[in-house]
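Working notes for the structure below.
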Ligand code: HEM
C-alpha cells in the first residue's frame, strides 16, 4: 500500500474504520445561537472520536475476543457533521464544499430529493417547490448531526447526555435545539449484521489507500481522495483536483437517508412469486427470487459465484465473498440480473470492461437498522404496522459523484447497467429504485426478458447531506 500520509488523528473516526456499534444515536439539531455554539464546539471537539482512536477501539475488541470474551466492552464514540445550512448559520464560508449552485450539498437533500432522487412528493404538494413526502421533522432546516455509537443503549445514552451538556441543552443558555433523535440498533441474535429484509449487510466497502493495510480479492481499492476531501482523487467531473480551503481538507461528505422498509410486504411478494427453476421447491424459489433482487443470498454469498444454491461458507470468507466481477455475464442475466441491488450500485466489469472506472462512484457505507423485529400481528396481516428500516449513511468526497449519482443515474435509471445484444431492459433497482411503474427483467433465469413489477419496498422518509470536518477544523475554524 502506498503511504499517503493520512493524518489519522485529524480525521473523524466514522469515515475510515467506522465507529464500532451495537447501538447508534442519530441526533439532528439546529444551532440556535451561533456564537455560543462555536464556543461550546471548542470544548466539545476533544470528545470527537478520530480514525486513530477507532483503530485502537477495534484492536481492544479483537483482543477481548481472542481471549474468549464476547467483545462487548463498554465503549462509545461521537462524531459531528454539518449541513450547508449549518455552515451558513455559523457564518462560515463553505463555498469550496460545493462545485456550483446545483451541487447537492448546497441544495440540501430536501430539495435534491424532489429534483433528482425521485422521492415521492407530499400528496398535497404545491407545483412550485414541492416538498418530499417525509417525516415532518426532516422538512425543518437541519444544521448538524451528532452520531453517538456504543456497545449498548445505556452507554450511548450516557454519552449523548455528555454531548448535550457541552451545548447546555435543556438550559436557557442552550446553543442548539434537538430536531430529532433516532435510535439505531443492530438486529438481535442470528440476524445480527443483517438488514431488515434478512440479508447480510456491510460486506462490500472499498479499501482506502493509505488506511486499509490490505485490499481483499475483488474488494477494490480507492485513492484516499475518493472518500476524503483534499487528497488525490478529490476531483471535479473533468479530473481536475478540487481546490478546497485548508480547513476543508481531511473531511468527508455524509449522505444520510431515513429509509423505511416494508418487510412483511417484501416477504409476501417473495412468497407470491417463487421462481420456477430446476427442482426448487416453492420456498426455495422464493429464496432465489430474493437473492436475485439483491445479488446475494441472505447469507451474503454472491450469486455471481453461486447462482442457484446458497453457500454460507463462501459468504463468511472475506477472501472470496467479494471476488467476482460479472466478467462472464456482461450481456447476460443468467447468474445475476442487471438490476440486482449490488450490480446496480457496483457494476464492476459492466463498466470496467468498457474502460469506465467505478472508482469515482464508490462510497463507504456506515448504516444501522432501526425499529423492532416484525411482530406476529404483522406476519399475520402481511402488513407493516411498526416503523422499521435502515438509517442509511455513506461517506464520499462528493455527494454528486457518489450517493446522488448512484441513486439517480444507476438505481433509478431503467437502462443501467449498459448491455448489448440482449433485448431486455434492466429496470429499477428492486430495493431502492424510485419512480413510477417499478419493474425489472432478469429475475427469472429461464426467461431473462420477463419483467416482474413490484410495489415500493423501501420508502424514503427523510435525510440530509452533511460534511464531517477534520478535528483541526472543529477546533480552529468552526470552534471560535
Ligand atoms: C450493498 C441492502 C440502500 C448502496 C447492499 C447489500 C445489501 C443492501 C443486503 C449487500 C451487502 C453488502 O455488499 O454489503 C440495502 C437495503 C437498503 C439499501 C435494504 C435500503 C433500505 C442503499 C442505498 C444505496 C446503497 C440507498 C446508495 C444509493 C449500496 C452499495 C452496496 C450495497 C454501494 C455495495 C455494492 C457492492 O459493492 O457490491 N445493500 N441497501 N444501498 N448497497 Fe444497499
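Numbering (our numbering), first residue to last: 102 to 581. Where a beta carbon is used, it is the ideal one built from N, C-alpha and C, also for glycine.
For this session: Using the Cα positions of residue 120 and residue 127, report the straight-line distance between them to the nearest angstrom.
Result: By one-based count along the chain shown, residue 120 stands at place 19. By one-based count along the chain shown, residue 127 stands at place 26. Cα to Cα, residue 120 sits roughly 13 Å from residue 127.
For this session: Look up residue 167 in the DSSP assignment and give the residues it is bridged to.
Result: Position 66 of the chain shown holds residue 167. Paired residue(s): none; residue 167 is not in a bridge.
Problem set entry | Coarse secondary structure for residue 325, derived from DSSP in three states | Here the question's residue 325 lines up with position 224 in the chain shown. Helix at residue 325.
Exercise. With a Cβ-Cβ cutoff of 8 Å, do residue 438 and residue 543 count as a contact?
Worked result: Within the chain shown, the letter at position 337 stands for residue 438. Within the chain shown, the letter at position 442 stands for residue 543. Contact flag set, yes.
Exercise. Is residue 229 near the ligand HEM, with its Cβ less than 7 Å from a heavy atom?
Worked result: The count along the chain shown starts at 1 and reaches residue 229 at position 128. No, since every heavy atom of the ligand HEM falls outside the 7 Å radius drawn around the Cβ of residue 229.
Problem set entry | Reduced DSSP secondary structure (H/G/I, E/B, other) of residue 251 | As a first step, residue 251 is located in the chain shown; it is residue number 150 there, counting from the start. Residue 251 falls in the strand class under three-state DSSP.
Exercise. If you check the beta carbons only, do residue 430 and residue 318 fall under 8 Å apart?
Worked result: The residue you call residue 430 lines up with position 329 of the chain shown. The residue you call residue 318 lines up with position 217 of the chain shown. Not a contact, by the Cβ cut-off of 8 Å.
Exercise. Does the distance from the CB of residue 248 to the CB of residue 366 come in under 8 Å?
Worked result: Stepping through the chain shown from its first residue, residue 248 is reached at position 147. Stepping through the chain shown from its first residue, residue 366 is reached at position 265. Contact flag unset, no.
Problem set entry | Simplified DSSP assignment, three categories, for residue 286 | Walking along the chain shown from the start, residue 286 turns up at place 185. It is a strand residue.
Exercise. With respect to 7 Å, is the separation between the Cβ of residue 447 and the closest non-hydrogen atom of the ligand HEM below this value?
Worked result: Numbered from its first residue, the chain shown carries residue 447 at position 346. Because some heavy atom of the ligand HEM lies under 7 Å away, the Cβ of residue 447 counts as near it: yes.
Exercise. If you check the beta carbons only, do residue 237 and residue 222 fall under 8 Å apart?
Worked result: As a first step, residue 237 must be located in the chain shown, where it is residue number 136. As a first step, residue 222 must be located in the chain shown, where it is residue number 121. Cβ atoms of residue 237 and residue 222: not closer than 8 Å.
Exercise. What number of angstroms, rounded off, separates the C-alpha of residue 392 from the C-alpha of residue 398?
Worked result: The sequence position of residue 392 within the chain shown is 291, counting from 1. The sequence position of residue 398 within the chain shown is 297, counting from 1. Approximately 5 Å between the Cα atoms of the pair.
Exercise. Thinking C-beta only, is residue 217 closer than 8 Å to residue 509?
Worked result: Taking the first residue of the chain shown as position 1, residue 509 is located at position 408. Taking the first residue of the chain shown as position 1, residue 217 is located at position 116. Closer than 8 Å, so yes.
For this session: Would you kindly work out how many angstroms separate the C-alpha atoms of residue 539 and residue 228, rounded to a whole number?
Result: Stepping through the chain shown from its first residue, residue 539 is reached at position 438. Stepping through the chain shown from its first residue, residue 228 is reached at position 127. So the two alpha carbons sit approximately 23 Å from each other.
Exercise. First and last residue of the beta strand (DSSP E) that includes residue 181?
Worked result: Residue numbering aside, residue 181 sits at position 80 when the chain shown is read from its first letter. Per DSSP, residue 181 belongs to the beta strand (DSSP E) from 177 to 183.
Problem set entry | Any non-hydrogen atom of the ligand HEM within 7 Å of residue 395 CB | Here residue 395 corresponds to residue number 294 of the chain shown, with the count starting at 1. Within the cutoff, so yes.
Problem set entry | Buried or exposed (CB count within 10 angstroms, at least 16 for buried), residue 554 | As a working mapping, residue 554 is identified with position 453 in the chain shown. Exposed, because fewer than 16 other Cβ atoms sit within 10 Å of the Cβ of residue 554.
For this session: Could you have a look at residue 475 and say whether DSSP puts it in helix, strand or coil?
Result: As a working note, residue 475 is residue 374 in the chain shown. If DSSP states are grouped into helix, strand and coil, residue 475 belongs with coil.
Problem set entry | Beta-carbon proximity check, residue 440 vs residue 524, cutoff 8 Å | In the chain shown, residue 440 corresponds to position 339, counting from 1. In the chain shown, residue 524 corresponds to position 423, counting from 1. Not a contact, by the Cβ cut-off of 8 Å.
For this session: Please indicate yes or no: does the CB of residue 371 lie closer than 7 Å to some heavy atom of the ligand HEM?
Result: Counting from 1 along the chain shown, the entry for residue 371 is found at position 270. No - the ligand HEM has no heavy atom lying nearer than 7 Å to the Cβ of residue 371.
Exercise. Is it the case that the Cβ atoms of residue 589 and residue 490 are separated by a distance below 8 Å?
Worked result: Coverage of the chain is limited to positions 102 through 581, which leaves residue 589 absent and any answer about it impossible.
Problem set entry | Proximal residues to residue 151 (C-beta, below 8 Å), its chain only, five neighbours per side dropped | As a first step, residue 151 is located in the chain shown; it is residue number 50 there, counting from the start. Cβ within range, chain order: 109, 110, 111, 112, 113, 114, 572.
Exercise. Just to confirm, are residue 178 and residue 250 a CB contact at a threshold of 8 Å?
Worked result: Taking the first residue of the chain shown as position 1, residue 178 is located at position 77. Taking the first residue of the chain shown as position 1, residue 250 is located at position 149. Yes, the pair counts as a contact, with Cβ atoms nearer than the cut-off.
Problem set entry | Continuous beta strand (DSSP E) stretch holding residue 562: start and end | In the chain shown, residue 562 corresponds to position 461, counting from 1. Its beta strand (DSSP E) spans residues 559 to 569.
For this session: Quick one: measure Cβ to Cβ for residue 494 and residue 357, integer angstroms, because I've assumed they're closer than 8 Å.
Result: Counting from one through the chain shown, the residue named residue 494 turns up at place 393. Counting from one through the chain shown, the residue named residue 357 turns up at place 256. 5 Å between Cβ atoms; contact.
Exercise. Are residue 415 and residue 390 close, meaning C-beta to C-beta below 8 Å?
Worked result: To locate residue 415, count along the chain shown from 1; it is residue 314. To locate residue 390, count along the chain shown from 1; it is residue 289. No.
Exercise. Between which two residues does the beta strand (DSSP E) containing residue 541 stretch?
Worked result: For the purposes of this step, residue 541 is taken as the residue at position 440 of the chain shown. From DSSP, the beta strand (DSSP E) with residue 541 extends over 540 to 542.
Exercise. Exposed or buried, which one is residue 451 when buried takes at least 16 other CB atoms within 10 Å?
Worked result: As a first step, residue 451 is located in the chain shown; it is residue number 350 there, counting from the start. By the neighbour-count rule (16 or more Cβ atoms within 10 Å), residue 451 is buried.
For this session: Please indicate yes or no: does the CB of residue 364 lie closer than 7 Å to some heavy atom of the ligand HEM?
Result: Residue mapping note: residue 364 aligns to position 263 of the chain shown, counting from 1. No, since every heavy atom of the ligand HEM falls outside the 7 Å radius drawn around the Cβ of residue 364.
For this session: Report back the beta-carbon spacing between residue 131 and residue 213 to the nearest angstrom; my notes put them in contact at under 8 Å.
Result: Against the chain shown, residue 131 aligns to sequence position 30. Against the chain shown, residue 213 aligns to sequence position 112. Not confirmed; about 20 Å, so no contact.
For this session: Flag residue 296 as yes when its Cβ comes closer than 7 Å to any non-hydrogen atom of the ligand HEM, and as no otherwise.
Result: Locating residue 296 in the chain shown gives position 195, where the first residue counts as 1. Residue 296 Cβ: within cutoff of the ligand HEM.
Exercise. What's the call for residue 147, buried or exposed, on a 16-neighbour Cβ count within 10 Å?
Worked result: For this step, residue 147 is matched to residue 46 along the chain shown. When all chains shown are included, residue 147 counts as exposed.
Exercise. If you follow the beta strand (DSSP E) that residue 358 is part of, which residue opens it and which one closes it?
Worked result: To locate residue 358, count along the chain shown from 1; it is residue 257. Segment 353 to 362, the beta strand (DSSP E) holding residue 358.
For this session: For residue 490, write down the residues that DSSP places opposite it in a beta bridge.
Result: Counting from 1 along the chain shown, the entry for residue 490 is found at position 389. Residue 490 is bridged to 361, 471.
Problem set entry | DSSP state of residue 126 mapped onto helix, strand, coil | Your numbering for residue 126 matches position 25 in the chain shown. Residue 126 falls in the strand class under three-state DSSP.
Exercise. Is any heavy atom of the ligand HEM found at a distance shorter than 7 Å from the C-beta of residue 500?
Worked result: The residue you call residue 500 lines up with position 399 of the chain shown. With a threshold of 7 Å, the Cβ atom of residue 500 does not count as near the ligand HEM, since no heavy atom of the ligand is closer than that.
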